[in-house]
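To start, the structure itself, in structure tokens.
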Amino acid sequence: MMIITDSASDITRQEAKEMNIRIVWLKTKFSDGDFLLETEEDFTRFFEKLATEKELPVTSQPSPEEYLALYEEAKEKSEEVLVITLSSGLSGTVNAANVAKQMSEYDKIHIIDSEQAIITQRFLVQRAVEMREAGKCISEIVETIEDLKKRVTVCGMLDTLTYLKKGGRIPAALAVLGNMLHIKPVIELKDKVLTMLGKARGRSGGIKYLWKEFESYDIDETEPVYFGYTSDREAGEKFMNDTVEKYGLKNYRLYPVGGIIGTHVGPSCVAISFVKKSV
Numbered sequence: 000m001m002i003i004t005d006s007a008s009d010i011t012r013q014e015a016k017e018m019n020i021r022i023v024w025l026k027t028k029f030s031d032g033d034f035l036l037e038t039e040e041d042f043t044r045f046f047e048k049l050a051t052e053k054e055l056p057v058t059s060q061p062s063p064e065e066y067l068a069l070y071e072e073a074k075e076k077s078e079e080v081l082v083i084t085l086s087s088g089l090s091g092t093v094n095a096a097n098v099a100k101q102m103s104e105y106d107k108i109h110i111i112d113s114e115q116a117i118i119t120q121r122f123l124v125q126r127a128v129e130m131r132e133a134g135k136c137i138s139e140i141v142e143t144i145e146d147l148k149k150r151v152t153v154c155g156m157l158d159t160l161t162y163l164k165k166g167g168r169i170p171a172a173l174a175v176l177g178n179m180l181h182i183k184p185v186i187e188l189k190d191k192v193l194t195m196l197g198k199a200r201g202r203s204g205g206i207k208y209l210w211k212e213f214e215s216y217d218i219d220e221t222e223p224v225y226f227g228y229t230s231d232r233e234a235g236e237k238f239m240n241d242t243v244e245k246y247g248l249k250n251y252r253l254y255p256v257g258g259i260i261g262t263h264v265g266p267s268c269v270a271i272s273f274v275k276k277s278v
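All residue numbers for the sequence shown refer to numbering that gives the first Met the number 0, where the first residue is 0 and numbers rise by one.
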């Protein structure tokens with residue numbers, strides 16, 4: 000079984016090799032050209048460059064031809080194909096995957112709009128890989144991922160309003176005032192898109208806001224809690240360790256967030272993802 004995802008999952012090229020999955024790469028372009036986001040070192044350099052640029056880089060989705068090449072490879076081997084894409088609310092990547100399926104005229108392709116990104120998209124891909132290695136059939140894997148994608152949630156705290164301003168999401172004057180007052184936006188990936196949950200004063204206020212959100216859900220404790228960070232691993236580790244101690248978490252992991260979503264949230268962001276119990 001061939002498992003395909005895209006680079007919005009922030010799975011590095013080396014990790015993809017170790018997981019035996021294929022990555023279709025979204026393109027990120029600064030004013031001076033394309034910027035590769037294939038390693039954790041690339042992620043670090045990306046945020047260093049982002050801080051020096053006046054304009055945000057442009058991100059473009061993969062072409063259908065990039066998916067088609069992988070489908071044709073699987074077709075030659077009569078392999079099942081599972082594609083888990085970035086949320087359709089954030090990109091047309093899933094459309095490219097579907098167009099390629101039509102072009103391939105191959106029936107053994109299963110495409111899932113993850114409705115997620117970054118650490119939650121990664122979580123879904125990792126679960127699919129675990130199930131494949133355990134010998135589960137494609138229909139069982141698809142059913143599990145379709146269920147999990149509706150229950151997994153990611154929330155984050157931004158360190159600055161600057162990148163929301165650059166992206167045209169808030170007025171410049173509001174960003175300047177907000178940064179002066181140390182306002183930290185708290186966001187959630189909900190209903191396929193990034194939405195503002197609220198704002199807090201200072202990082203400690205933002206962390207408390209994330210904890211309040213975490214406490215508001217009936218958490219499935221059989222599933223891991225994932226933590227994410229942009230550029231500042233120390234901040235990510237502190238948030239994770241404080242949260243682990245506060246709630247006695249046993250199953251948790253920390254991952255860096257790259258430039259696909261990092262473009263919009265900026266450096267020194269921290270995030271937490273978890274799975275809600277079935278209704």
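Using N, Cα and C, we set each Cβ at its ideal position, and we do this for glycine too.
As the structure is a computational prediction, the values presented were derived from the model and not from experiment.
Check your understanding: Per DSSP, Pro255 forms a beta bridge with which residues?
Key -> Tyr228
Exercise for review: Give a yes or no on whether the C-beta atoms belonging to Gly155 and Lys183 are separated by under 8 Å.
Suggested key: Gly155 is not a Cβ neighbour of Lys183, given a cutoff of 8 Å.
Check your understanding: What is the DSSP secondary structure of Leu123, counted as helix, strand or coil?
Key -> Here Leu123 sits in helix by DSSP.
Review point. Is Ser8 buried or exposed, if buried means 16 or more other CB atoms sit within 10 Å of its CB?
Key: buried
Point to revise | Contact check, Leu85 vs Ala116, beta carbons under 8 Å | key: yes
Exercise for review: Report yes or no: do three or more beta-carbon pairs, one from the stretch 189-209 and one from the stretch 118-132, lie closer than 8 Å?
Suggested key: Per the Cβ contact rule, the stretch 189-209 is not in contact with the stretch 118-132 (fewer than 3 Cβ pairs under 8 Å).
Point to revise | Residues that DSSP places opposite His109 in a beta bridge | key: Leu81
Practice item. Drop a sphere of 10 angstroms on the beta-carbon of Arg200, count the other beta-carbons inside from all chains shown, and report buried for 16 or more, exposed for fewer. Key: exposed
Point to revise | As assigned by DSSP and simplified to three states, the class of Phe34 | key: coil
Practice item. With a threshold of 16 other CB atoms inside 10 Å of the CB of Gly227, please say whether the residue is buried or exposed. Key: buried
Point to revise | Euclidean distance between Cα positions of Glu64 and Thr92 | key: 12 Å
Review point. CA-CA distance, Tyr105 and Arg12?
Key: 27 Å
Review point. Nearest to Thr4 by CA position, among Tyr208, Gly258, Phe42, Ile110, is which residue?
Key: Ile110
Review point. Any chance the stretch 94-108 sits against the stretch 126-133, with 3 or more Cβ pairs inside 8 Å?
Key: no
Point to revise | Residues near Lys245 in its chain [Cβ-Cβ closer than 8 Å; skip 5 each side] | key: Taken in chain order, the residues that qualify are Trp210.
Check your understanding: Leaving out the 5 sequence neighbours to the left and right, which residues in its chain are closer than 7 Å to Val57 when beta-carbon positions are compared?
Key -> Lys28
Review point. Applying the criterion that 16 or more other CB atoms from any shown protein chain within 10 Å of the CB defines a buried residue, is Asp158 buried or exposed?
Key: buried
Point to revise | Range of the contiguous beta strand (DSSP E) that encloses Glu292 | key: Only positions 0 to 278 of the chain appear in the structure, and residue 292 is not among them; the question remains open.
Review point. Do you know offhand how far Glu214's Cα is from Leu25's?
Key: 34 Å
Practice item. Would you list the residues sitting across from Asp5 in a DSSP beta bridge? Key: Partner(s): Val23.
**Study point:** Met130 in three-state terms, based on DSSP
**Key:** helix
Check your understanding: In angstroms, rounded to a whole number, what distance separates the CA positions of Tyr216 and Lys275?
Key -> As the crow flies, the alpha-carbon of Tyr216 is around 7 Å from that of Lys275.
Review point. What residue does the beta strand (DSSP E) around Met156 start on, and which one ends it?
Key: 151-156
Check your understanding: Is DSSP giving Thr43 helix, strand or coil here?
Key -> Helix, per DSSP.
Review point. Any idea what DSSP makes of Gly265, helix, strand or coil?
Key: coil
Exercise for review: Could you tell me the distance, in whole angstroms, from the CA atom of Ile271 to the CA atom of Pro255?
Suggested key: 12 Å
Exercise for review: Give every residue of the same chain whose Cβ lies closer than 6 Å to the Cβ of Ala308, excluding the five residues on either side of it in the sequence, and list them in chain order.
Suggested key: The chain is shown only over 0 to 278; residue 308 falls outside these bounds and no answer can be derived.
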